[in-house]
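What follows is a short report on a single structure.
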Amino acid sequence: MNQQLLKTFSPLHFFNRSKGYRHPGGVRYPGGIKYYPRDENYVEPDITPSKLFRVERIKPVKNNSWRLKTILKELKIDEEERVTIVKNIPEVNARLWKIKHLIKVTPITFPYGEPSKDDIKHTLLKENGECIVIKQLEPNPKAIEALDKFDSNPKKMDSTTIKLDSRLKWVNPLGGGF
Numbered sequence: 065m066n067q068q069l070l071k072t073f074s075p076l077h078f079f080n081r082s083k084g085y086r087h088p089g090g091v092r093y094p095g096g097i098k099y100y101p102r103d104e105n106y107v108e109p110d111i112t113p114s115k116l117f118r119v120e121r122i123k124p125v126k127n128n129s130w131r132l133k134t135i136l137k138e139l140k141i142d143e144e145e146r147v148t149i150v151k152n153i154p155e156v157n158a159r160l161w162k163i164k165h166l167i168k169v170t171p172i173t174f175p176y177g178e179p180s181k182d183d184i185k186h187t188l189l190k191e192n193g194e195c196i197v198i199k200q201l202e203p204n205p206k207a208i209e210a211l212d213k214f215d216s217n218p219k220k221m222d223s224t225t226i227k228l229d230s231r232l233k234w235v236n237p238l239g240g241g242f
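Sequential numbering from 65 applies to the sequence shown in the numbering used here.
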């Protein structure tokens with residue numbers, strides 16, 4: 065009888081922690097994430113993830129642990145550099161998750177198609193993540209013509225004349241100036 069009593073009141077039996085209640089349903093995603101939508105009939109739209117991320121450091125490197133500093137150095141966004149481009153792969157995403165409070169991640173989009181190897185020199189990456197290919201940068205011919213016309217205008221006053229005239233008007237307000 066004592067053996068049965070000891071088995072039922074064993075300390076291992078009393079201190080076994082429960083795992084909690086697990087809700088039924090949910091959609092399992094890669095990486096171990098389980099998502100519970102509010103609506104049972106919710107269908108997630110098809111989204112193609114971007115291939116690249118623009119990572120910008122928004123907080124300083126100092127006063128962080130050496131592990132976070134090492135990750136920032138590996139991503140090359142330590143003290144001098146603030147922006148870098150990284151691939152959207154699980155290994156890099158795991159690193160970004162560890163330093164998410166120090167950075168801002170923007171997905172890079174290509175509104176006019178991805179650039180080829182020849183177009184790499186002519187790309188422009190905006191702060192909102194748009195990568196635009198600009199083949200030729202030519203100034204507006206009307207702007208060049210207007211600038212030449214302004215420079216050759218004989219009525220145009222230079223800065224020294226304007227300063228002298230303003231000083232004369234300041235010293236003698238009623239009759240100063242040219």
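The beta-carbon is built from N, C-alpha and C at its ideal position, and this holds for glycine as well.
Provide the residue(s) that pair with residue i in DSSP beta bridges, ordered along the chain.
{"i": "R92", "result": "K98"}
{"i": "K185", "result": "Answer is none; K185 lacks a bridge partner."}
{"i": "K151", "result": "L116"}
{"i": "P171", "result": "F117"}
{"i": "I141", "result": "According to DSSP, which records beta bridges pairwise, I141 is partnered with nothing at all."}
By how many angstroms is the C-alpha of residue j removed from the C-alpha of residue i?
{"i": "N127", "j": "D142", "result": "13 Å"}
{"i": "D222", "j": "G239", "result": "22 Å"}
{"i": "T170", "j": "P113", "result": "12 Å"}
{"i": "E138", "j": "K190", "result": "23 Å"}
{"i": "P154", "j": "P179", "result": "24 Å"}
{"i": "N230", "j": "E209", "result": "First, the amino acid is wrong: residue 230 is Ser here, not Asn. Each residue's Cα considered, the two are about 30 Å apart."}
{"i": "K220", "j": "P175", "result": "44 Å"}
{"i": "K199", "j": "K181", "result": "13 Å"}
{"i": "L211", "j": "S129", "result": "55 Å"}
{"i": "L228", "j": "K213", "result": "25 Å"}
{"i": "P94", "j": "I111", "result": "15 Å"}
{"i": "R131", "j": "T224", "result": "58 Å"}
{"i": "K183", "j": "I226", "result": "The identity of residue 183 in the sequence shown is Asp, whereas the question assumes Lys. Going by the C-alpha atoms only, they are around 47 Å apart."}
{"i": "L188", "j": "K83", "result": "51 Å"}
{"i": "K185", "j": "S216", "result": "36 Å"}
Looking at residue i: is its Cβ nearer than 9 Å to the Cβ of residue j?
{"i": "V125", "j": "T148", "result": "no"}
{"i": "F117", "j": "I172", "result": "yes"}
{"i": "K115", "j": "N157", "result": "no"}
{"i": "Y99", "j": "R92", "result": "yes"}
{"i": "L136", "j": "V150", "result": "no"}
{"i": "E104", "j": "G89", "result": "yes"}
To the nearest whole angstrom, what separates the beta carbons of residue i and residue j, a pair I think is in contact under 8 Å?
{"i": "R146", "j": "R121", "result": "5 Å"}
- Message: Count Cβ pairs between the segment 163-181 and the segment 202-213 that sit closer than 8 Å; are there 3 or more?
- Response: no
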